[in-house]
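Participant:
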Amino acid sequence: MITTLWQWATVEDARSGDLATTGQGGLSAPVAPGTANNGGAFSIPIALRLDPLTATLLTIITGVGLLVAIYSIGYMHDDPGYPRFFALVAMFVFSMSMLVAASNFLLVYVFWEAVGACSYLLIGFWYTKPEAARAAKKAFLVNRVGDFGLAIATFLLWMTYGTLDFHDTHLTDGTIVEGILGQIRLADEAGYVGGAVGTAICLLMLLAACGKSAQMPLHVWLPDAMEGPTPASALIHAATMVTAGIYLITRSAPLFVGCPGALTMVSIVGATTALVAALIATVQNDLKRVLAYSTISQLGYMFVALGTGTMLGFTAAIFHLVTHAFFKALLFLGAGSVMHAMGGVIDMRRFGGLRHVMPITAGTFLVGAFALAGVPPFAGFFSKDEILATLHAKAHPEAHGSDHAAAGSAGERPRDLAGGAGLVASVPVRPFRPGSIITRVSLSDAHDVSPEAHDVSHEKVGLDALDHPSTWRLLFWMSLLTAGLTAFYTFRAVFMTFTGPVRVPKEAGNHAHESPPAMTTPLLVLAGLSALAGLVLFVTNALSNFLAATPSLTAPAVARTAVPHVFHWDIAIQGTLAAAI
4 MITTLWQWAT VEDARSGDLA TTGQGGLSAP VAPGTANNGG AFSIPIALRL DPLTATLLTI
64 ITGVGLLVAI YSIGYMHDDP GYPRFFALVA MFVFSMSMLV AASNFLLVYV FWEAVGACSY
124 LLIGFWYTKP EAARAAKKAF LVNRVGDFGL AIATFLLWMT YGTLDFHDTH LTDGTIVEGI
184 LGQIRLADEA GYVGGAVGTA ICLLMLLAAC GKSAQMPLHV WLPDAMEGPT PASALIHAAT
244 MVTAGIYLIT RSAPLFVGCP GALTMVSIVG ATTALVAALI ATVQNDLKRV LAYSTISQLG
304 YMFVALGTGT MLGFTAAIFH LVTHAFFKAL LFLGAGSVMH AMGGVIDMRR FGGLRHVMPI
364 TAGTFLVGAF ALAGVPPFAG FFSKDEILAT LHAKAHPEAH GSDHAAAGSA GERPRDLAGG
424 AGLVASVPVR PFRPGSIITR VSLSDAHDVS PEAHDVSHEK VGLDALDHPS TWRLLFWMSL
484 LTAGLTAFYT FRAVFMTFTG PVRVPKEAGN HAHESPPAMT TPLLVLAGLS ALAGLVLFVT
544 NALSNFLAAT PSLTAPAVAR TAVPHVFHWD IAIQGTLAAA I
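Numbering follows this note's numbering, with no gaps: position 575 of the sequence shown is 578.
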């Protein structure tokens, strides 16, 4: 049964009796009585759910996927594997679309694996080349490490919460089973476990996200993925596989905010990856490898924002994901246009002055470079500013106290958005039935405001001790340094490729010329989006307002951190100066 609903508050009859089934298309298997589930059987409905986060990512996946497909008509026209390539691209886009639209963690895992399989086939598309075969194998094996983390996290979620569904589900006896991201649990401050089990779940999800989104130490597969066709590289780097980790953490936001140590680790991993990848990019001579390390670095930026655990952090990460999809697809397709004209050569030391030979490619590539470097008013400038702003707020909470005070009433918003108060009052809710791993924290304990409770909160131990302003100040300066390095390696690539006297490698012969319209048209469309999308989305605040209704972000711990939409001139100036220097 495939259903698409805008309101997650709507629940469906997906189980019947003591042995749960899903009616049409459900997966059901009996389990031993007393295990951690709410219906006496393991039952996972096959359903799709649409919310603002899913809608945003579907727009990016399908939109960029369409432009890549159009571009591929010209790029792959002479390749004998032309039909196979388009079949793989279609399967890749389908798998990623299903991943972000899945209604439970099991389906997420299924399509998580499908995305990995598609990437393996696309990276190894020219499988007769030993380099391509090795790169595909490397990508597959490295991602298996992260996939193992998601598999164990899914098991722990089942044992802890008794369900893998995101949404609340009606039973035939009139009660409701609380979904992990359902309106009932989201409205409850004590709805999510912390401690060792909660932290373990989050760290395993972080491991999975590091695999798909190429964060250290699982980043090593992405640079070698350049052995595949350039359109496939653009799809992997801009709109599909590498965004899966960002989606997973954003979707699981209520789980992470209850484990501050694990949440801080997300930012630490992101900042470290962003800085190291930017440093490596500064010494690369292969144009596609420069862009590959740039992708790793920019994904690190998104992880830094996610790790703040604030509404601004989550929306800034998705904002940067959107703008990055536009300008990174543009840059990769531009690199493919250069490679197409240079007879397959991509070493920047072997060509130059191509603005005279390929004016459209040069102009659109420059727009993408401005966006990547964060030059105002291009797209990357605004999304980067929001990430630095949310980091600055964590590093200097005293300077942002007034903003958070103004948002003090935001904690009531989740119940209002979901209509949770009316549902809880009128419909019986099946009690939480944990497995043998953990017990649920009582609501009174979660809201203990006694002086003793405040004293204990300051005695952070283990990973939780990382959540300290001094840590965030270090991460802020690391991110600022990364911004400067990004501008350096970006314009180094532009100058080496498009400026100076014309130099063409012998492989290009006498036929170096601008790419055909099938390839330049997507470049022009992406250049327009890279130039204007960030400005429009920031001025209107449309994306942030749209994402605020995402169920994961209506959890009180996230929603109460919402702050008024402002432009941080001081932070923007710091970021711009870092890039200029």
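Beta carbons are placed, not taken as given, at the ideal position from N, Cα and C, and that holds for glycine.
Counting pairs of Cβ atoms below 8 Å between the region 309-318 and the region 495-510, do you hit three or more?
Facilitator: At 8 Å Cβ cutoff, the stretches do not touch.
Participant: Along the chain, where does the alpha helix (DSSP H) that runs through GLN287 open and close?
Facilitator: As a first step, residue 287 must be located in the sequence shown, where it is residue number 284. Premise fails: GLN287 is in no alpha helix (DSSP H) and is neither H nor E.
Participant: Of the residues PHE259, PHE354, ALA365, which one's Cα is nearest the Cα of PHE317?
Facilitator: As a working mapping, residue 317 is identified with position 314 in the sequence shown. If we check each option's Cα against that of PHE317, PHE259 comes out closest.
Participant: Grouping DSSP H, G and I as helix and E and B as strand, with all else coil, what is THR166?
Facilitator: Counting from 1 along the sequence shown, the entry for residue 166 is found at position 163. If DSSP states are grouped into helix, strand and coil, THR166 belongs with coil.
Participant: With three or more beta-carbon pairs closer than 8 Å as the criterion, would you say the region 531-543 touches the region 376-391?
Facilitator: Counting Cβ pairs under 8 Å, three or more are found: they touch.
Participant: Leaving out five residues before and five after TYR112 in sequence, what residues of the same chain have Cβ atoms less than 7 Å from its Cβ?
Facilitator: Locating residue 112 in the sequence shown gives position 109, where the first residue counts as 1. Here the set comprises LEU153, ALA154, THR157.
Participant: Can you tell me where the alpha helix (DSSP H) with ALA217 in it begins and where it stops?
Facilitator: Along the sequence shown, one-based indexing puts residue 217 at 214. Neither: ALA217 is in no alpha helix (DSSP H) and is coded neither H nor E.
Participant: Anyone know if the C-beta pair for ASN146 and LYS215 falls short of 9 Å?
Facilitator: Looking up residue 146 in the sequence shown gives position 143. Looking up residue 215 in the sequence shown gives position 212. Yes, they are a contact pair.
Participant: Return the CA-CA distance between TYR74 and PHE88, expressed in angstroms with no decimal places.
Facilitator: Looking up residue 74 in the sequence shown gives position 71. Looking up residue 88 in the sequence shown gives position 85. Those two C-alpha atoms are separated by around 13 Å.
Participant: Looking at the unbroken alpha helix (DSSP H) that takes in GLY337, where does it start and where does it end?
Facilitator: Reading the sequence shown from its first residue, position 334 is the one you call residue 337. 314-344 is the span of the alpha helix (DSSP H), which, as asked, contains GLY337.
Participant: DSSP state of LEU394, grouped into three classes?
Facilitator: For the purposes of this step, residue 394 is identified with residue 391 of the sequence shown, where counting begins at 1. Looking at LEU394 - three-state DSSP - the assignment turns out to be helix.
Participant: Using the Cα positions of GLY66 and MET101, report the straight-line distance between them to the nearest angstrom.
Facilitator: As a first step, residue 66 is located in the sequence shown; it is residue number 63 there, counting from the start. As a first step, residue 101 is located in the sequence shown; it is residue number 98 there, counting from the start. Distance between the alpha carbons of GLY66 and MET101 is about 15 Å.
Participant: Take HIS240 as the anchor and find which of ALA228, LEU282, SER386 has the nearest alpha-carbon.
Facilitator: Walking along the sequence shown from the start, residue 240 turns up at place 237. Per the Cα distances, ALA228.
Participant: Span of the alpha helix (DSSP H) holding GLY119?
Facilitator: As a working note, residue 119 is residue 116 in the sequence shown. From DSSP, the alpha helix (DSSP H) with GLY119 extends over 108-126.
Participant: Under three-state DSSP, which class holds ILE47?
Facilitator: Within the sequence shown, numbered from 1, the residue matching residue 47 stands at position 44. Strand at ILE47.
Participant: Figure out for me which residue from THR233, VAL103, MET219, PHE373 has the closest Cα to the Cα of LEU586.
Facilitator: This structure leaves residue 586 out entirely; the chain is present only between 4 and 584.
Participant: According to DSSP, simplified to helix, strand and coil, what is VAL180?
Facilitator: The residue given as residue 180 occupies position 177 in the sequence shown. If DSSP states are grouped into helix, strand and coil, VAL180 belongs with the strands.
Participant: Determine which residues share a DSSP beta bridge with HIS222 and list them.
Facilitator: Residue 222 sits at position 219 when you count from the first residue of the sequence shown. The partner list for HIS222 (beta bridge, DSSP) is empty, contrary to what the question assumes.
Participant: Considering only C-alpha positions, which residue in the set SER255, ALA135, GLY371, GLU517 is nearest to LEU167?
Facilitator: As a first step, residue 167 must be located in the sequence shown, where it is residue number 164. For LEU167, the nearest C-alpha among the options comes from SER255.
Participant: State the Cα-Cα distance for the pair SER297 and HIS222, rounded to the nearest angstrom.
Facilitator: Translated into the one-based positions of the sequence shown, residue 297 becomes position 294. Translated into the one-based positions of the sequence shown, residue 222 becomes position 219. If I take the Cα positions, the gap works out to 12 Å.
Participant: Does DSSP put THR172 in a helix, in a strand, or in coil?
Facilitator: Here residue 172 refers to the residue found at position 169 of the sequence shown. THR172 falls in the strand class under three-state DSSP.
Participant: Please classify ASP191: does DSSP put it in a helix, a strand, or coil?
Facilitator: Here residue 191 refers to the residue found at position 188 of the sequence shown. Reduced to three states, the DSSP call for ASP191 is coil.
Participant: So the candidates are GLY231, LEU488, ALA398; which of them puts its Cα closest to the Cα of PRO133?
Facilitator: The sequence position of residue 133 within the sequence shown is 130, counting from 1. Comparing Cα-Cα distances from PRO133 to each of GLY231, LEU488, ALA398, the minimum goes to GLY231.
Participant: Pull the bridge partners of ALA105 from the DSSP assignment, please.
Facilitator: The sequence position of residue 105 within the sequence shown is 102, counting from 1. DSSP, once it has assigned bridges, lists LEU51 as partnering ALA105.
Participant: Where TYR78 and PHE97 are concerned, what is the direct C-alpha to C-alpha distance, given to the nearest angstrom?
Facilitator: Start at 1 with the first residue of the sequence shown, and residue 78 comes out as number 75. Start at 1 with the first residue of the sequence shown, and residue 97 comes out as number 94. Going from the Cα of TYR78 to the Cα of PHE97 covers about 22 Å.
Participant: In this structure, does DSSP put ARG358 in helix, strand or coil?
Facilitator: The residue you call residue 358 lines up with position 355 of the sequence shown. The answer is coil: DSSP assigns ARG358 none of H, G, I, E or B.
Participant: Would you mind sorting ALA545 into buried or exposed? The rule is 16 or more other CB atoms within 10 Å of its CB.
Facilitator: Numbered from 1 along the sequence shown, position 542 holds the residue referred to as residue 545. That one is exposed.
Participant: Between the region 515-528 and the region 264-281, do three or more beta carbon pairs fall short of 8 Å?
Facilitator: In short, these stretches do not touch, since the Cβ pair count stays below three.
Participant: Using a threshold of 9 Å, state whether the C-beta atoms of THR553 and LEU56 are closer than that.
Facilitator: On the sequence shown, position 550 is the one that residue 553 refers to. On the sequence shown, position 53 is the one that residue 56 refers to. For THR553 and LEU56, yes; Cβs fall inside 9 Å.
Participant: When burial is assigned at 16 or more other CB atoms within 10 Å of the CB, is GLU510 buried or exposed?
Facilitator: Start at 1 with the first residue of the sequence shown, and residue 510 comes out as number 507. GLU510 comes out exposed.
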